[in-house]
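Okay, so here's the structure we're looking at.
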Amino acid sequence: MTSDPLLALRPWESPEVTSWGRLPMNAVDRRSGADSLDGDWRFQLLPGPDAPVGGVWSAAYVPGVWTMQGTDDLPQYTNVRMPFPDFPPASPAANPTGVYERDVDVPGDWAGRRIVLQIGAAESVLLVHVDGRPVGISKDSHLAAEFDLTDVVRPGERATVRLTVVKWSDASHIEDQDQWWHGGVTRSVLLYATDSLHLADVTVRAAFSGELRVDCRVRNAGGALPEGWYVSGELEGQLLSQDREFDRANAEDDRVSDFLGEARILATVPDVRTWNAEAPELYGLTVRLHRADGTVADTSHHRVGFRDVEIIGRDLLVNGERVFIRGVNRHDFHPLTGRTVSYEDMRADLVLLKRFGFNAIRTSHYPNDPALYDLADELGFYVVDEADIESHDHAHEIADDPRYLNAFVDRVSRMVLRDKNHPSIIVWSLGNESDYGANHDAAAGWVRRHDPTRPIQYEGAAKLDWADPELASDIACPMYAPLEDCVAHALSGRQTKPLIQCEYSHAMGNSNGTLADHWAAIESTPGLQGGFIWEFWDHGILQRVNDGRPVGRGGAGLYDNGVAAPGHRWAYGGDFGETIHDGAFIADGVVFPDRTPKPAMFEHREIAAPLRIECFRHEGVVLGNHQHFRGLDWLTGLWELSLADGRTLTAPAELPDLRPGETAAVPLPFEVPRDGGEAWLTLRVTTAEDLPWAPRGTEVCVPQVRLREPAVLQAAPVDRPVEVDGEGLLVHPLLTAAPTLSLWRAPTDNDELGGMALRWRAWGLDELVRKVVSVRQDGVGVSVVAEYAGTAGVVRHRQVLTAVEGGVRIDEEAELPEAFDDVARVGSVFETVPGLDLLEWFGQGPWESYPDRGAGAPVGHHSLPVDALFTPYLRPQESGGRHGVRRFTLSAPDATGLAVAVDEPRQVSVTRHRAEDLTAASHHDELVPRAGCVVHIDAAHRGLGTASCGPDTFPEYRIPPGVHRWSWTLRVL
Ligand code: IPT
283 MTSDPLLALR PWESPEVTSW GRLPMNAVDR RSGADSLDGD WRFQLLPGPD APVGGVWSAA
343 YVPGVWTMQG TDDLPQYTNV RMPFPDFPPA SPAANPTGVY ERDVDVPGDW AGRRIVLQIG
403 AAESVLLVHV DGRPVGISKD SHLAAEFDLT DVVRPGERAT VRLTVVKWSD ASHIEDQDQW
463 WHGGVTRSVL LYATDSLHLA DVTVRAAFSG ELRVDCRVRN AGGALPEGWY VSGELEGQLL
523 SQDREFDRAN AEDDRVSDFL GEARILATVP DVRTWNAEAP ELYGLTVRLH RADGTVADTS
583 HHRVGFRDVE IIGRDLLVNG ERVFIRGVNR HDFHPLTGRT VSYEDMRADL VLLKRFGFNA
643 IRTSHYPNDP ALYDLADELG FYVVDEADIE SHDHAHEIAD DPRYLNAFVD RVSRMVLRDK
703 NHPSIIVWSL GNESDYGANH DAAAGWVRRH DPTRPIQYEG AAKLDWADPE LASDIACPMY
763 APLEDCVAHA LSGRQTKPLI QCEYSHAMGN SNGTLADHWA AIESTPGLQG GFIWEFWDHG
823 ILQRVNDGRP VGRGGAGLYD NGVAAPGHRW AYGGDFGETI HDGAFIADGV VFPDRTPKPA
883 MFEHREIAAP LRIECFRHEG VVLGNHQHFR GLDWLTGLWE LSLADGRTLT APAELPDLRP
943 GETAAVPLPF EVPRDGGEAW LTLRVTTAED LPWAPRGTEV CVPQVRLREP AVLQAAPVDR
1003 PVEVDGEGLL VHPLLTAAPT LSLWRAPTDN DELGGMALRW RAWGLDELVR KVVSVRQDGV
1063 GVSVVAEYAG TAGVVRHRQV LTAVEGGVRI DEEAELPEAF DDVARVGSVF ETVPGLDLLE
1123 WFGQGPWESY PDRGAGAPVG HHSLPVDALF TPYLRPQESG GRHGVRRFTL SAPDATGLAV
1183 AVDEPRQVSV TRHRAEDLTA ASHHDELVPR AGCVVHIDAA HRGLGTASCG PDTFPEYRIP
1243 PGVHRWSWTL RVL
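Printed below as a string of structure tokens:
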């Protein structure tokens, strides 16, 4: 039995013990003026918390996870299931325990002051010793723990701080979030000193009306408060008040004692600049605590945003406006450091989100580093702040387990205590995927009393009934609800709460199909207000292929543009040798692990466009301001007219002065040429000035309207034979594989997890066997009939090859049997000789697009190297498609090559990979690009949907059986 009282408590198997010796949480920011204890610490990894600490130390970097710093305890990914079989509250005997130790020189001038150690975050149980003396215990891997060291250390002397971090515990059962499991001290460690008379907490409420209320709690570490203390406030250099008295009028007498001082500052700011996510106006507030002689004992700085949040009826209002919530779920993630993210990382995340039209973040599924909320205040985001509670695997047992009651209330209340002053936070979330029980109601009750200014949401409660007012969720916040259910609820007359999905549009792999349809419904259906895309990150950890180890902190530069450097790959579940894991389900974000945006981001940017083209009328183009609070003066525009004949005309745009919600017609800036075929008018909208999140000239959106329909494909036959081989396949000098029928695509994650790929394989679509039935001269052309046999049916395919001016015209027809009622694609595939490395096309682009994900890709003339067309989704799959392609050329640097024109806008893809190459690979380092191009021209291509977690694509984006026809011409340049 250990003599150490902290270990003797066995806190890793005691859910009732949430802390010992820990100071109460508060909203006084102590980061500035503190001594940072970040850096290398002495480190050893023990096999369990009871194991003796040895004499041999290595080093570990703080903040950081040891799972990415060279230990044999490697990252493990599980979603719902726990990584160990023990039932709550038990944890496994094999329990990696990191011991961190370092010496700290306590400044001599801290004599007489109150000294506090702050550990930003540690997972999952933290034990603190100083000079061998037990100091405290903390749980909750995503909030700071503070310990008073005043009586433990001596100013001017050196102290040894030891942090013992136990990886598995009762708390792991309520930290069962869908992410990598790690162990370590993941946020910064600080040591700071205050006067014994100090601000114990400051609560700021700043309303849209300009009313400001600042409540201060004051304590004296020596015990009783000294006589005559008072607080003062200064807002942007303006003194607010200097009350020498306790604000007894506002505080009930019995709440003010000799030990706890309470003071309130009240002020009204005239002509206040209010805060919202579009124009996040902040005021600097300094709160000072004075001794009786006027000297300052303590200071607390805050940035204040004046704004209101309320729910009226079924609308969530910010400053009285029913704002759309264009949100994303964001985890703390970094491919080199796992869970530790720097200020620069967080800023880069948020800047990117702003540039892509997001205005809201759910901190899935735990409170983030304090800096994230500072950034959200500053850059402008609506935040749903979520408590660190997810008991997914044992949700039902834990939600009502009284042993976990403390932990639930502790986690939710500490989050609120810390974060309550951020204007960006508009909703508190009680956690994620933890069923619903009395423990939740207890936590909700605490919040309602402490902070009546913000609504609460909790999906686990809301899912019981979206409308029931008794449940601990003020918002109907389902996850992955079918759009038709959301619309039906909004139209039912039963709706009582705003409907904002806490998770929707699962971004795993090539996904986010139907996002535009969702937003069309949200914007047109009162009661629907938006949602949070799942999720921001693909959590691929950078891994060396040769030894399977995470690269760790030194790996900067070993990736570019979403791709890991040779010899490296993005690891997902199972790649560290874990036997229990959930594979690539961890790669489900709208950005790659290096924050390169996926094409879906461009779709989102367009859907969120602040300025839109409403329609085209005789008096001109009707523009609309789709923001809630701002005018258009921060934007500038350029008109672009793209004609099918290759011409592009441009002209600067005069943007009208429109208030939110207003529209106006502006005259067409061009004389549209009478010739030139299909015509598209695009407004390229960019930022007119440097903004905190974008330099001047950053593209914001590219709304478009079609001015003229495409012309019909014309290719007059010429009297010249078309050469086919004995199998009826086209012989062509630039093709290494002649056009054949393709019904298969390398399954996307949605196809795999949604069950489609299983059906396609069962039908044999991946191994269709072509058998030529007939080859005959048919007028001027050759008609080739072939049968493509799968296990569940035969597709009859006919190609008529006709010589035309400069090339060959191919008219195709495929008849799908009834059994093939939802295939991946129907189209032609062929391969080219090497050297044709540039694709130029007229159609949607430049971004990858699909039938149900194309809003971000305007029609125009685009050009990209073939190698840049492919999107490196972590698990190789169908990618690189371009929707709505009318024609394209594939050319060599000397401008030789081939030109294709299609009968109507079609799905085209040009990559270095056959569908079967992609299907066979599990990571990119296994793919060997082909020298030539693999070209698909699809008469029909199935939409992407989001079926890896959530609804499949809509019926209109699926491919029916029956006859499909398409025509195209192939010419030599
Ligand atoms: C939902 C989770 O809340 C989230 O953490 C993530 O796992 C997501 O799904 C899928 O990637 S829970 C799921 C069972 C609906």
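Here the working numbering is used: position 265 in the sequence shown is 547, and no number is missing along the way. The C-beta atom is built at its ideal place from N, Cα and C for all residues, glycine as well. The structure displayed is predicted, hence computed values, not measured ones.
- The alpha helix (DSSP H) runs lying completely inside the stretch 727 to 777 and spanning 4 residues or more are 741 to 744 and 765 to 773, given in chain order.
- Per DSSP, reduced to three states, the secondary structure at L517 is strand.
- Residues of the same chain with a CB within less than 7 Å of the CB of G1072, apart from the 5 flanking positions on each side, are W1045, G1046, L1047 and L1050 in chain order.
- In the displayed model, N502 falls within a strand according to three-state DSSP.
- When rounded, the separation of the alpha-carbon atoms in V827 and E817 is 27 Å.
- Judged by beta-carbon spacing, Y648 lies beyond the 7 Å limit of D701, meaning their Cβ atoms are not closer than that value.
- In terms of side-chain proximity, the C-beta atom of W557 is found no nearer than 6 Å to any non-hydrogen atom of the ligand IPT.
- In this structure, C1231 has its beta carbon less than 6 Å from a heavy atom of the ligand IPT.
- Distance between A726 and I708, taken at the CA atoms: about 15 Å.
- Under the three-state reduction of DSSP output, A1197 falls in the helix class.
- The beta-bridge partner set that DSSP reports for A1181 consists of T1171 and R1253.
- Contact between V1111 and H1218 holds: their C-beta atoms lie close to 5 Å from each other, under 8 Å.
- Distance from the CA of D1207 to the CA of T485, rounded to the nearest whole angstrom, comes to 52 Å.
- The residues A1213 and G1214, in chain order, have a CB closer than 8 Å to that of P1116 in the same chain once the five nearest residues on each side in sequence are set aside.
- Scanning the stretch 557 to 597 for uninterrupted beta strand (DSSP E) segments of 3 residues or longer gives 565 to 572, 578 to 586 and 591 to 594, listed from N- to C-terminal end.
- Judged by the Cβ position, W463 fails to qualify as a neighbour of the ligand IPT at the 6 Å threshold, every heavy atom of the ligand being at least this far.
- Here K1053 carries a strand assignment [DSSP, helix/strand/coil].
- The Cβ neighbour count for F541, taken over all protein chains shown within 10 Å, is under 16; the residue is labelled exposed.
- Annotated three-state conformation of A393 is coil, per DSSP.
- Not one heavy atom of the ligand IPT sits closer than 6 Å to the Cβ of N843.
- In the DSSP assignment, I1241 is bridged to no other residue.
- As DSSP reads the structure, A642 sits in a beta bridge with G609 and Y664.
- A789 and F884 have their C-alpha atoms spaced approximately 13 Å apart.
- In the structure shown, T1073 adopts coil according to DSSP, grouped into three states.
- Between the alpha carbons of L1121 and V1216 lies a gap of roughly 12 Å.
- In the assembly as shown, N377 is a buried residue. Its beta-carbon has 16 or more other beta-carbons within 10 Å.
- Shown here, L1098 sits in a strand according to DSSP, grouped into three states.
- H886: member of the alpha helix (DSSP H) spanning P881 to I889, first to last residue.
- Under DSSP, P1147 forms a beta bridge with L1120.
- Around E944, the same chain offers N907 as residues with beta carbons nearer than 6 Å, after the five sequence neighbours per side are excluded.
- With at least 16 other beta carbons inside 10 angstroms of its own, H910 counts as buried.
- Per DSSP, the unbroken alpha helix (DSSP H) holding D1033 starts and ends at D1031 to L1035.
- The secondary-structure analysis by DSSP pairs P832 across a beta bridge with Q825.
- Contact annotation: the stretch 472 to 484 touches the stretch 393 to 400, with at least three C-beta pairs closer than 8 Å.
- The alpha-carbon separation between S1131 and G1166 amounts to approximately 9 Å.
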